[in-house]
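Okay, structure first, notes after.
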Amino acid sequence: MTFAHRHLLGIEPLSPSDITAILDLADKYVALSRQRDKHVDVLAGLTQINMFFENSTRTQASFELAGKRLGADVMNMAMQASSIKKGETLIDTALTLNAMHPDLLVVRHPQSGAVDLLAQKVNCAVLNAGDGRHEHPTQALLDALTIRRAKGRLHRLSVAICGDIAHSRVARSNILLLGKMENRVRLIGPPTLMPSGISEFGVEVFEDMEEGLRDVDVVMMLRLQKERMDGGFIPSEREYFHRYGLDADKLSHAKADAIVMHPGPMNRGVEIDGTIADDINRSVIQEQVEMGVAVRMAAMELLARNLPGEAAA
Ligand code: NCD
Numbered sequence: 000m001t002f003a004h005r006h007l008l009g010i011e012p013l014s015p016s017d018i019t020a021i022l023d024l025a026d027k028y029v030a031l032s033r034q035r036d037k038h039v040d041v042l043a044g045l046t047q048i049n050m051f052f053e054n055s056t057r058t059q060a061s062f063e064l065a066g067k068r069l070g071a072d073v074m075n076m077a078m079q080a081s082s083i084k085k086g087e088t089l090i091d092t093a094l095t096l097n098a099m100h101p102d103l104l105v106v107r108h109p110q111s112g113a114v115d116l117l118a119q120k121v122n123c124a125v126l127n128a129g130d131g132r133h134e135h136p137t138q139a140l141l142d143a144l145t146i147r148r149a150k151g152r153l154h155r156l157s158v159a160i161c162g163d164i165a166h167s168r169v170a171r172s173n174i175l176l177l178g179k180m181e182n183r184v185r186l187i188g189p190p191t192l193m194p195s196g197i198s199e200f201g202v203e204v205f206e207d208m209e210e211g212l213r214d215v216d217v218v219m220m221l222r223l224q225k226e227r228m229d230g231g232f233i234p235s236e237r238e239y240f241h242r243y244g245l246d247a248d249k250l251s252h253a254k255a256d257a258i259v260m261h262p263g264p265m266n267r268g269v270e271i272d273g274t275i276a277d278d279i280n281r282s283v284i285q286e287q288v289e290m291g292v293a294v295r296m297a298a299m300e301l302l303a304r305n306l307p308g309e310a311a312a
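Residue numbers 0 to 312, in numbering that gives the first Met the number 0, belong to the letters of the sequence shown in order.
So, in structure tokens, the structure goes:
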């Protein structure tokens, strides 16, 4: 098995076999993470630095745990988005850290493209933990692993991604990944929350939830990303929930065994009804969190194998 990438900046450059390689290795790390002793030493001696210029709960915690379970030295830098002058300062920070010889750099940044730019300036492997509305590759990979384990396959499924598509890097990475693996992707949301040029993505677009959810295998809900909205994109949260919030009634249009996903953090009563989110027969939201650690372990191991000075695996 080969994984010929120096960085993990997005889903876009990955082939279906790259995606399968990450998911197959991640399956092993799910099993390891369920054991009492969760420790292996595949990253022993390596230094991992997490730089989050934007808030994060799940992604930062799971990258930290992933590195620790693999035996790396992990450092979290607390970056305050408000105190940085974007662009110049980002590169300066990167160069400073680079001088400390990290092997893996995990970066989240509010500007689309910032992580790619940073990757050009450093010698180590860079993992994109979310850049603006561009990509969030490990989220799409953990979603893919969750789907593959729940449905027994990751092809010829019908997947509805619902809500604030326009501001969502999660949606973008998922559209790319699910398309590469030959699934049918439907996007459902109000026209104000659909990105322009969406037709190029090879997806079907719906404005109506009942119509869009009909017979789908997977329902993926998205948070209303208010921090990226600079105006009135929706009339009111109440109205939004009425039309686009996932409740039992709307879900009844999907297949009887359709699973419900959400990357978190959730706004209960805005994009999803709390009862659906907590329904262990339908919701795989906690599984997504569990898969997040395993997928990040797999991605870091595969990138570490390509670091200079490493023997080919
Ligand atoms: C997502 C993100 O940050 O892009 N969250 C996550 O990584 N779990 C989605 C979101 O913030 O709504």
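Virtual Cβ for every residue (Gly too), placed ideally from N, Cα, C. The structure presented is a predicted model; accordingly, all values stated were derived computationally and were not measured.
*Going straight from the alpha carbon of MET296 to that of TYR243, what length do you get?*
For the purposes of this step, residue 296 is taken as residue 297 along the sequence shown, with counting starting at 1. For the purposes of this step, residue 243 is taken as residue 244 along the sequence shown, with counting starting at 1. Roughly 35 Å between the two C-alpha positions.
*Sheet register partners of CYS161 (DSSP bridge)*: On the sequence shown, position 162 is the one that residue 161 refers to. Answer by DSSP bridge pairing, in chain order: ILE187, MET220.
*Nearest candidate by alpha-carbon position, reference ARG227, set ARG281, GLY66, SER167*: Against the sequence shown, residue 227 aligns to sequence position 228. Proximity to ARG227 across ARG281, GLY66, SER167 peaks at SER167, based on C-alpha coordinates.
*List the residues that DSSP assigns as beta-bridge partners of ASP72.*
Looking up residue 72 in the sequence shown gives position 73. Bridge partners of ASP72: THR46.
*Under three-state DSSP, which class holds MET228?*
Position 229 of the sequence shown, counted from the first residue, corresponds to residue 228. MET228: coil per DSSP, three-state reduction.
*How would you label GLU11, buried or exposed, when you count the other beta carbons within 10 angstroms and need 16 or more for buried?*
As a working note, residue 11 is residue 12 in the sequence shown. GLU11 counts as exposed, since fewer than 16 other beta carbons sit within 10 angstroms of its beta carbon.
*Taking any heavy atom of ligand 1 as the mark, which residues have a C-beta closer than 6 Å to it, listed down the chain?*
Spelled out in chain order, the answer is ARG57, THR58, GLY129, HIS135, GLN138, ARG168, VAL169, ARG222, GLN224, PRO262, GLY263.
*Contact belief for GLY361 with GLY188 at Cβ below 8 Å, rounded distance in angstroms*: Past the boundaries of the shown model lies residue 361; the chain is included only from 0 to 312, so the question cannot be answered.
*What does LEU103 pair with, by DSSP beta-bridge criteria?*
As a first step, residue 103 must be located in the sequence shown, where it is residue number 104. Bridge partners of LEU103: GLN47, ALA124.
*asked:* Can you tell me whether ALA60 sits near ligand 3, meaning its C-beta is under 7 Å from at least one heavy atom of the ligand?
replied: Summarising the ligand content, the structure contains ligand 1 and does not contain ligand 3.
*Reducing DSSP to helix, strand and coil, say where LEU7 ends up.*
The sequence position of residue 7 within the sequence shown is 8, counting from 1. The DSSP-derived three-state label of LEU7 is strand.
*Which stretch, first to last residue, makes up the alpha helix (DSSP H) that contains ILE275?*
Counted from its first residue, the sequence shown places residue 275 at position 276. Its alpha helix (DSSP H) spans residues 273 to 276.
*Measure how close the beta-carbons of ASP315 and ALA143 come, nearest whole angstrom, since I'm counting them as under 8 Å.*
A query on residue 315 cannot be resolved here, the shown segment of the chain reaching from 0 to 312 and no further.
*Between which two residues does the beta strand (DSSP E) carrying VAL283 extend?*
Reading the sequence shown from its first residue, position 284 is the one you call residue 283. For VAL283, no beta strand (DSSP E) encloses it, and the DSSP letter there is neither H nor E.
*Sorted by chain position, which residues of the same chain lie with C-beta nearer than 7 Å to PRO194's C-beta, five sequence neighbours on each side aside?*
In the sequence shown, counting from the first residue as 1, residue 194 sits at position 195. Answer for PRO194: ILE164, ALA165, listed in chain order.
*First and last residue of the uninterrupted beta strand (DSSP E) at MET260*: In the sequence shown, residue 260 corresponds to position 261, counting from 1. First-last of the beta strand (DSSP E) with MET260: 258 to 260.
*In three-state terms, what does DSSP make of ALA253?*
The residue you call residue 253 lines up with position 254 of the sequence shown. Here ALA253 sits in coil by DSSP.
*Taking the continuous alpha helix (DSSP H) assigned at GLU203, which residues delimit it?*
Taking the sequence shown and counting its residues from 1, the one referred to as residue 203 is at position 204. First-last for GLU203: 203 to 205, but that is the beta strand (DSSP E), not the alpha helix (DSSP H).
_SER32: first and last residue of the uninterrupted alpha helix (DSSP H) it sits in_ = The count along the sequence shown starts at 1 and reaches residue 32 at position 33. That run of the alpha helix (DSSP H) goes 15 to 32.
*What span of residues does the alpha helix (DSSP H) with ASN266 cover, start to end?*
The residue you call residue 266 lines up with position 267 of the sequence shown. For ASN266, no alpha helix (DSSP H) segment is defined, and its DSSP state is neither H nor E.
*Between which two residues does the alpha helix (DSSP H) containing PRO136 stretch?*
By one-based count along the sequence shown, residue 136 stands at place 137. Element bounds for PRO136: 136 to 150.
*asked:* Under DSSP, the alpha helix (DSSP H) around ARG171 begins and ends at which residues?
replied: Residue mapping note: residue 171 aligns to position 172 of the sequence shown, counting from 1. Start and end: 168 to 179.
*Go through its chain and collect everything with a Cβ distance to GLY273's Cβ below 7 Å, but skip five positions before and after it.*
Working through the sequence shown from its first residue, we reach residue 273 at position 274. Excluding sequence positions up to five before and after GLY273, its CB lies within less than 7 Å of the CB of ARG267, all in the same chain and listed in chain order.
*Below 8 Å on the Cβ atoms is my guess for LEU103 versus LEU302; work out the distance and round it to an integer in Å.*
Position 104 of the sequence shown, counted from the start, is the residue given in the question as residue 103. Position 303 of the sequence shown, counted from the start, is the residue given in the question as residue 302. So it is a contact: roughly 7 Å between Cβ atoms.
*Do the CB positions of ARG147 and LEU22 come within less than 8 Å of each other?*
Counted from its first residue, the sequence shown places residue 147 at position 148. Counted from its first residue, the sequence shown places residue 22 at position 23. Taking C-beta atoms as the reference points, ARG147 and LEU22 count as a pair closer than 8 Å.
*DSSP puts ASP130 in a beta bridge; with which residues?*
Against the sequence shown, residue 130 aligns to sequence position 131. Residue pairing from DSSP places ASP130 in a beta bridge opposite HIS108, GLU134.
*Should PHE51 and ALA128 be called a contact, given that it needs their Cβ atoms to be closer than 8 Å?*
Against the sequence shown, residue 51 aligns to sequence position 52. Against the sequence shown, residue 128 aligns to sequence position 129. By the CB criterion at 8 Å, PHE51 and ALA128 fall inside the cutoff.
*May I ask you to report which of helix, strand or coil DSSP gives ALA293?*
On the sequence shown, position 294 is the one that residue 293 refers to. DSSP places ALA293 in helix when its eight states are reduced to three.
*Helix, strand or coil for ALA77, going by three-state DSSP, please let me know.*
As a first step, residue 77 is located in the sequence shown; it is residue number 78 there, counting from the start. For ALA77, the three-state secondary structure derived from DSSP is strand.
*According to DSSP, is LEU306 helix, strand or coil?*
Translated into the one-based positions of the sequence shown, residue 306 becomes position 307. The answer is coil: DSSP assigns LEU306 none of H, G, I, E or B.
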